[in-house]
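Written out below as structure tokens is the structure these notes cover.
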Amino acid sequence: MKANLLIALSDSRTQEALATLIDREKGPEVTVHTLRDPFTLVRALRSLRPDIVIVSCNVCSPPLIETIRTMTDLPEARFILYCDTITDELLAERCEGRLSAEESDREVIDLISSLLTAEESEREIAEELTPRERDIVIGVVKGLTNKEIADKLFISVNTVTTHRRNIVKKLDIHSASGLTVYAIMNKLVSLEEIKI
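Offset between the sequence shown (1-based) and this note's numbering: plus 731.
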């Protein structure tokens, strides 16, 4: 499945150059979209549902990225900050990657490749869970007790406990909050479905 990549920079020449480079090098793996109007970022994120977003500070400041992830229901999207200044670079720690005009073509492609590989690995881990284990994860994340999960799935509480043990072994996640992050990242649940 091709990944979606959105480039949202204020400098249209840099944006087009990046789009051309990524399309040329990663075309079979990535569909590249560019944003003409920075004011339509949220709308574009909702409609395109990109896996990777390359954004400059003047289009979306890093402190707003978490808010945008929540608003657009895209917790799994990976943001790369395109840095024009040293101040931008200090803000880049809130993102999954950082680019600047100094990066070579190879460095840009390597960063995109590493994010795509990480995403593919997460998808493979999600596929390792059986359908029943995924049902158990969804129940746990929604705040159900073992008994409530058992009743809902028409299985015994002991079976739920066994499945939970297997889930911990497979995912190496030992807390409900960690499981919640996993479930959101792997699109097992949306933010609206979770009891807070």
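Ideal placement from N, C-alpha and C gives every residue a C-beta, glycine not left out.
Handout entry: Extent of the continuous beta strand (DSSP E) run through residue 777
Key = Careful: residue 777 lies outside any beta strand (DSSP E), inside the alpha helix (DSSP H) at 772-779.
Practice task
Measure the C-alpha to C-alpha separation of residue 749 and residue 869 and round it to an integer number of angstroms.
Solution key: 39 Å
Problem - Beta-carbon proximity of residue 805 to residue 776, cut-off 9 Å - result: yes
Problem - Rounded distance between the beta-carbons of residue 741 and residue 769, thought under 8 Å - result: 6 Å
Exercise for the section: Verify whether the separation of the beta carbon atoms of residue 842 and residue 760 is less than 9 Å. Expected result: no
Practice task
For residue 941, collect the residues of the same chain with a Cβ closer than 6 Å to its Cβ; drop the 5 residues on either side in sequence, then sort them by chain order.
Solution key: The chain is shown only over 732 to 927; residue 941 falls outside these bounds and no answer can be derived.
Practice task
Taking the CB atoms as reference points, tell me whether residue 924 and residue 872 lie closer together than 9 Å.
Solution key: yes
Practice task
Compare the beta carbon distance of residue 836 and residue 752 with 9 Å and say whether it is the shorter of the two.
Solution key: yes
Handout entry: DSSP-derived helix/strand/coil call for residue 799
Key = helix
Practice task
In angstroms with no decimal places, state the Cα-to-Cα distance between residue 778 and residue 840.
Solution key: 25 Å
Problem - For residue 765, the three-state DSSP class (helix, strand or coil) - result: strand
Exercise for the section: For residue 914, I'd like the list of residues in its chain whose CB is within less than 6 Å of its CB, leaving aside the five on either flank, ordered along the chain. Expected result: 868, 872, 920
Handout entry: Nearest-angstrom Cα separation, counted from residue 844 out to residue 735
Key = 13 Å
Problem - Within 9 Å, strictly: CB atoms of residue 795 and residue 764 - result: no
Exercise for the section: Grab the span of the beta strand (DSSP E) containing residue 938 for me, first residue to last. Expected result: Residue coverage of the chain in this structure runs from 732 to 927, which leaves residue 938 outside it and unanswerable.
Practice task
Whole angstroms is fine: what's the gap from residue 809's alpha carbon to residue 893's?
Solution key: 34 Å
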